[in-house]
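Going by the working numbering, the first residue of the sequence shown is number 17, and it counts up by one from there.
Here's the structure, in C-alpha cells; my notes come after.
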Amino acid sequence: MVLEEILSVLVGIFTDYTLRYVALGSAILGITSGALGCFTLLRKQSLFGDALSHAALPGIGIAYLFAGTKDSMLLMLGAAVFAWFGGIVTLGITSTTRIKQDAALGITLSVFFGMGIVILTYLQSIGGASQGGLDRFLFGQAAALIESDVINLGILAAGCFVVLIVFFKEFKIATFDGAFAQSLGYPTKYLGALLTSVIVVAVVIGLHTVGVVLMVAMLIAPAAAARQWISGLKSMLILSAIFGGISGIVGSMISSMTEGMSTGPVIVITITAILGISLVFSPKQGYLFKYLRKKRNYQGNSSKIGNISENGRSRG
Numbered sequence: 017m018v019l020e021e022i023l024s025v026l027v028g029i030f031t032d033y034t035l036r037y038v039a040l041g042s043a044i045l046g047i048t049s050g051a052l053g054c055f056t057l058l059r060k061q062s063l064f065g066d067a068l069s070h071a072a073l074p075g076i077g078i079a080y081l082f083a084g085t086k087d088s089m090l091l092m093l094g095a096a097v098f099a100w101f102g103g104i105v106t107l108g109i110t111s112t113t114r115i116k117q118d119a120a121l122g123i124t125l126s127v128f129f130g131m132g133i134v135i136l137t138y139l140q141s142i143g144g145a146s147q148g149g150l151d152r153f154l155f156g157q158a159a160a161l162i163e164s165d166v167i168n169l170g171i172l173a174a175g176c177f178v179v180l181i182v183f184f185k186e187f188k189i190a191t192f193d194g195a196f197a198q199s200l201g202y203p204t205k206y207l208g209a210l211l212t213s214v215i216v217v218a219v220v221i222g223l224h225t226v227g228v229v230l231m232v233a234m235l236i237a238p239a240a241a242a243r244q245w246i247s248g249l250k251s252m253l254i255l256s257a258i259f260g261g262i263s264g265i266v267g268s269m270i271s272s273m274t275e276g277m278s279t280g281p282v283i284v285i286t287i288t289a290i291l292g293i294s295l296v297f298s299p300k301q302g303y304l305f306k307y308l309r310k311k312r313n314y315q316g317n318s319s320k321i322g323n324i325s326e327n328g329r330s331r332g
C-alpha cells in the first residue's frame with residue numbers, strides 16, 4: 017500500500033501540475049541554498065542567513081503597500097532590497113563599532129523582523145496582508161508555486177551560480193584567509209558585499225517555499241551534512257547542493273502524500289534527517305565510526321598492556 021502510494025507520487029511529479037512545480041521550486045531552493053550555505057558555514061556566519069531572511073520581511077510588506085499588488089517579482093524585489101540592506105547594516109556594525117558579529121546579527125534580526133511584523137499587522141488591519149498572501153512568507157507556502165514562479169526562481173538561481181562560478185577562486189581565498197586575500201590585492205570588502213548579495217538572492221528564493229522563519233535551516237543543514245563527508249570546498253559545494261535538492265524533492269513528495277501537510281516544514285525535517293544520518297554514519301566525522309575507532313584503540317591498548325604484563329610475569 018505504501019509502495020503504491022510512493023510510486024503514485026513519483027509518477028505525479030511528471031503528470032500532476034501542482035506537484036511538478038512544487039517539487040521543481042523546492043529543488044531549486046535546496047540546490048541554491050545548499051551551495052551558497054557552504055560559505056556562510058565556513059565563514060562562521062551560520063546566523064547570517066537567518067538575519068537576512070528576517071530582514072526581508074519588511075521589504076515584502078512595503079513593496080505591497082506601495083505597489084498594491086501581490087506580483088511575486090515585485091514582492092521578491094522588495095524582500096531582496098531589505099535583506100541586502102540588513103546584511104550591509106550587519107557588516108557595518110561589526111566593522112565600525114566594538115559590537116561583535118553575533119550581537120550585530122541579533123540586532124539586525126530582531127529590529128527588522130519587528131518592523132516587518134508591525135507592517136504586516138497594519139496591512140492585516142486594513143485587510144491587505146492576508147488578501148495579498150503576504151502571511152505565507154512567514155512559514156512559506158510551496159503549494160502556491162506556479163509555473164511563472166518557478167521560472168523566476170530558476171532565473172535567480174542561475175544568476176547565483178554564474179556569480180559563484182566566476183568568482184569562485186576569490187570567494188574561496190577570502191573565506192579561508194581574508195588577510196592573505198587582502199595581501200594579494202583582492203578587494204575583500206567588495207567580495208564580501210558581492211557574496212552577501214548572492215546569499216540574499218538565495219534567501220529570496222526560499223521565502224516562497226520555507227518562509228522567513230525556516231530559511232536558515234536550508235542554508236546551514238545541507239552544508240553541515242556535506243561537511244561531515246567531504247573537506248574540499250568544491251566537492252562540498254556539489255554534495256551540499258545535492259543534499260539540498262534531494263530534501264526539496266523528497267519533502268515535496270512526503271507532504272503531497274498527506275492532505276493539509278505544509279511543504280516547507282517537511283522539507284526542513286527531511287534535510288535535518290539527512291544531517292542526522294551524516295553526523296552518525298559519515299566515515300571520517302560520524303559518531304558511529306568515531307566510537308568504533310575509539311573502541312578498537314582501547315582494545316588494542318588493553319591487549320598491549322596485557323602482553324607486557326604476561327612478559328613481565330614470565331621473566332620473573
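Cβ coordinates follow ideal geometry from the N, Cα and C atoms, glycine included.
- Query: If you draw a straight line from the C-alpha of G222 to the C-alpha of M231, how long is it?
  - Reply: Between G222 and M231, the C-alpha separation is close to 6 Å.
- Query: With 16 other CB atoms within 10 Å as the buried threshold, where does V182 fall?
  - Reply: Counting Cβ neighbours within 10 Å, V182 comes out exposed, since fewer than 16 surround it.
- Please go through the segment 280-305 and give each complete alpha helix (DSSP H) segment of 4 or more residues, from N-terminal end onward. DSSP runs (the alpha helix (DSSP H)) wholly in the segment 280-305: none.
- Looking only at its own chain, which residues have a Cβ that is under 7 Å from the Cβ of G94, when we skip the five neighbours before and after it? G75, I76, I78, A79.
- Message: Spatial neighbours of I236 within its chain, please: C-beta separation below 8 Å, excluding the five flanking residues on both sides.
- Response: Excluding positions up to five away in sequence, the list reads G53, T56, L57, S62, G65.
- Message: Rounded to the nearest angstrom, what separates R312 and P299 at their Cα positions?
- Response: So the alpha carbons of these two residues sit roughly 15 Å apart.
- Message: Closest to R59 by C-alpha separation, out of V228, G208, G102, V214, would be which residue?
- Response: The shortest Cα separation from R59 among V228, G208, G102, V214 belongs to G208.
- Task: Run the CB neighbour count on I44, radius 10 Å, all protein chains shown included, and call it buried at 16 or more, exposed below.
- Result: Flag for I44 reads buried.
- Taking P238 as part of the alpha helix (DSSP H), name the residues at either end of that continuous run. Element bounds for P238: 227-245.
- Which residues bound the alpha helix (DSSP H) around D165? Note, D165: alpha helix (DSSP H), 163-182.
- Query: Around the Cβ of F128, are there at least 16 other Cβ atoms within 10 angstroms (buried) or fewer (exposed)?
  - Reply: Burial of F128 is indicated by the presence of at least 16 other C-beta atoms within 10 angstroms of its C-beta.
- Query: Near V217, what residues of its chain come up, given a Cβ to Cβ distance below 6 Å and the 5 sequence neighbours on each side ignored?
  - Reply: Answer for V217: L172, C176, listed in chain order.
- Should R227 and G170 be called a contact, given that it needs their Cβ atoms to be closer than 7 Å? The question names Arg, yet the displayed sequence has Gly at residue 227. Between G227 and G170, the gap from beta carbon to beta carbon reaches 7 Å or more.
- Would you mind working out which of G103, S42, I104 sits nearest I258, comparing C-alpha positions? When each option's Cα is compared against that of I258, the closest is S42.
- Message: Rounded to whole angstroms, what is the Cα-Cα separation between I135 and T113?
- Response: Between I135 and T113, the C-alpha separation is close to 29 Å.
- Task: Let me know the beta strand (DSSP E) ranges lying completely inside the segment 187-224, each 3 residues or longer, listed in chain order.
- Result: Those beta strand (DSSP E) runs which fall completely within the segment 187-224 and span 3+ residues do not exist here.
- Query: Count the other CB atoms within 10 Å of the CB of Q147; is the residue buried (16 or more) or exposed (fewer)?
  - Reply: Because the pLDDT of Q147 is 49, which lies under 50, any placement of that residue in the model is unreliable, and the question is left without a value.
- Nearest-angstrom Cα distance between S213 and I104? The straight-line gap from Cα to Cα measures roughly 9 Å.
- Query: What number of angstroms, rounded off, separates the C-alpha of S278 from the C-alpha of L81?
  - Reply: If I take the Cα positions, the gap works out to 27 Å.
- Query: Do S49 and G201 come within 7 Å of each other at the CB atom, strictly closer than that value?
  - Reply: No; because the gap between Cβ atoms is not below 7 Å, this pair is not in contact.
- Message: Please tell me whether L304 and V296 are closer than 7 Å, where the distance is taken between their beta carbons.
- Response: Taking 7 Å as the Cβ cut-off, L304 and V296 qualify as a contacting pair.
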